[in-house]
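Single-structure report; data block below.
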Amino acid sequence: MGVWIISDNAELGGSVKSQVDALKLRSSPARVLSTTSALTEVMSVDAAPHLMVIASMRVDDVTLQIVRQLRAGSAAKLIVAAVAADHSAVIQAVRAGADDFVKLDEQFAGELESAFQRLSAAVDKKTGGQLLTVIPSRDVGDGAFLAVNLAAAIAALHGKCGLLDFNLRGGDAALMLKLAPRHTLLDLVRRRQSVDQMMFEQAVAKHESGIELLAGPDLFADTHDIDPALCRQVVAHSQAAQAFCIVSIEDLQHAEQIGILSESDRVLISTRLDLVSLYRTQRHLDYIRKNTNAIERTIVVASGTGYAGEVPPRAACRILQVPVVHQIPDDPAAATVSMNIGNPAVRECPQSKASRAIAKLAAFLTPAVAASKPAVRRGILPFSAAALFGMQTSPAPAK
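Structure, rendered in structure tokens:
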């Protein structure tokens with residue numbers, strides 16, 4: 032991990048670089064980049080997160096815009112260092128996305144060292160819950176179904192699981208769980224304020240399965256003013272609140288723009304075993320391999336498997352150049368019943384093929400612990416919908 036000094040003032044940038052190199056906080060010397068170069072490289076660099084220092088004479092509108100653009104393109108820790116600054120300037124810099132502020136004066140070296148120590152510790156030591164990101168390569172519905180049921184399966188193992196519905200073209204997770212949340216993602220991430228832990232927790236809707244959901248925007252909602260920096264804050268608050276957090280997001284471009292791929296412990300690409308789906312999945316993997324550091328943490332999950340004529344799983348592995356493709360067998364009855372009832376399939380129809388495969392995937396992705404028994408009451412009706420439709424359910428406990 033390196034350090035970037037970002038400044039269009041060559042003399043000022045060189046001075047800050049000398050101070051940074053003297054601290055010997057990194058094995059490699061700091062780099063000095065112009066703002067144009069930094070904004071270009073931050074979108075394409077395939078390295079671990081960087082510490083970035085924006086060095087300027089004053090905190091003006093130009094500096095704040097640079098902070099916003101860098102924050103939108105990177106999850107790196109970001110320090111603003113300015114010669115002239117007052118309390119208002121510090122607040123503006125932090126609101127724009129800076130993690131810390133240091134004044135360029137006679138105490139600069141000591142203050143910079145303290146700031147670097149704080150932020151380096153935050154970068155080098157991962158804190159918070161495990162982050163799983165689900166991205167559909169073709170069918171958004173497959174991704175949403177996988178995310179909701181995986182969250183329920185993890186909650187069954189660990190007590191609860193966060194679920195963030197980042198499907199910006201209309202999130203379905205609240206409907207799939209029969210929840211009517213008062214707030215959605217948009218209430219937190221519009222370009223107007225920071226997000227604190229209390230605001231996040233008030234916006235979360237809790238499901239009896241243990242899922243703690245931040246609902247996605249309504250269909251056709253205006254999402255043009257979403258702030259990627261606030262999206263990252265939302266993810267961080269969810270990780271602080273839960274040991275496991277799942278982000279359901281509609282496409283790879285939004286995930287990269289928000290900057291969650293490099294932060295994810297696992298990235299799950301959902302697909303189908305047909306050539307069109309596998310082609311799109313291959314393109315997703317190529318993009319992740321080229322533009323992020325997440326390829327080693329990326330797995331492929333094929334939904335709706337078990338049909339004659341599908342591409343064999345081993346052939347799919349060769350096409351995608353992955354060691355394994357996790358399979359979720361096709362089970363339309365379980366999926367339809369669970370969505371109509373508003374209860375995840377892993378709870379409503381736990382013995383269905385799809386539910387058992389998702390539960391197995393949840394155990395693979397999270398540390399093994401003793402699973403808790405599912406609640407007897409499993410839906411909004413006073414009887415089991417699975418039994419109504421003639422589907423196999425868990426045996427009743429002996430009295």
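When you read off a place in the sequence shown, starting at 1, and then add 31, the result is the number in the numbering used here. Each residue gets a CB set at the ideal place from its N, CA and C atoms; glycine is no exception. These numbers come from a predicted model, not from an experiment.
Asked	Found
Quick one: is A115 buried, meaning 16 or more other Cβ sit within 10 Å of its Cβ, or exposed?	exposed
If we require 4 or more residues per run, which alpha helix (DSSP H) segments fall completely within the stretch 300-349?	306-322
Which of the three DSSP states is assigned to V377 in this structure?	helix
Classify G45 as buried or exposed, calling it buried when 16 or more other Cβ atoms lie within 10 Å of its own Cβ.	exposed
Quick one, which of L208, N180, D256 has its alpha-carbon nearest L216's?	D256
For D305 and I330, I'd like the C-alpha separation in whole angstroms.	17 Å
Am I right that P375 and A183 are in contact with their C-beta atoms under 8 Å? What's the rounded C-beta distance?	4 Å
In chain order, what residues of the same chain lie with their CB nearer than 7 Å to the CB of V353, ignoring the 5 residues before and after it?	V331
Any idea what DSSP makes of R62, helix, strand or coil?	strand
Which two residues bound the contiguous alpha helix (DSSP H) that contains H255?	Unbroken run through H255: none, as it is neither H nor E.
Mapping the DSSP letters down to three states, classify D130 as helix, strand or coil.	coil
Go ahead and label G340 buried or exposed: buried means 16 or more other beta carbons lie within 10 angstroms of its beta carbon, across all protein chains shown.	exposed
With burial defined as no fewer than 16 other Cβ atoms inside 10 Å of the residue's Cβ, what is the status of E281: buried or exposed?	buried
Please report how far the alpha carbon of L43 lies from the alpha carbon of L54, in whole angstroms.	17 Å
Would you decide whether E243 is buried or exposed? Buried here means 16 or more other CB atoms lie within 10 Å of its CB.	buried
Hey, would you say S279 sits closer than 9 Å to V165, going by beta carbons?	yes
DSSP beta-bridge partners for F197?	I280
Any idea if E239 is buried or exposed, counting beta-carbon neighbours within 10 angstroms, 16 or more meaning buried?	exposed
Can you tell me where the alpha helix (DSSP H) holding L392 begins and where it ends?	384-396
Along the beta strand (DSSP E) that carries A113, what are the first and last residues, could you check?	108-115
Contact between the stretch 291-305 and the stretch 318-326 is defined here as three or more beta-carbon pairs at a separation below 8 Å; is this criterion met?	yes
Taking DSSP as the reference, what is the three-state secondary structure of A274?	coil
Taking three-plus beta-carbon pairs below 8 Å as touching, is the stretch 103-113 in contact with the stretch 125-133?	yes
How would you write the range of the alpha helix (DSSP H) that E137 sits in, first residue to last?	Segment: none, E137 is in no alpha helix (DSSP H) and carries neither H nor E.
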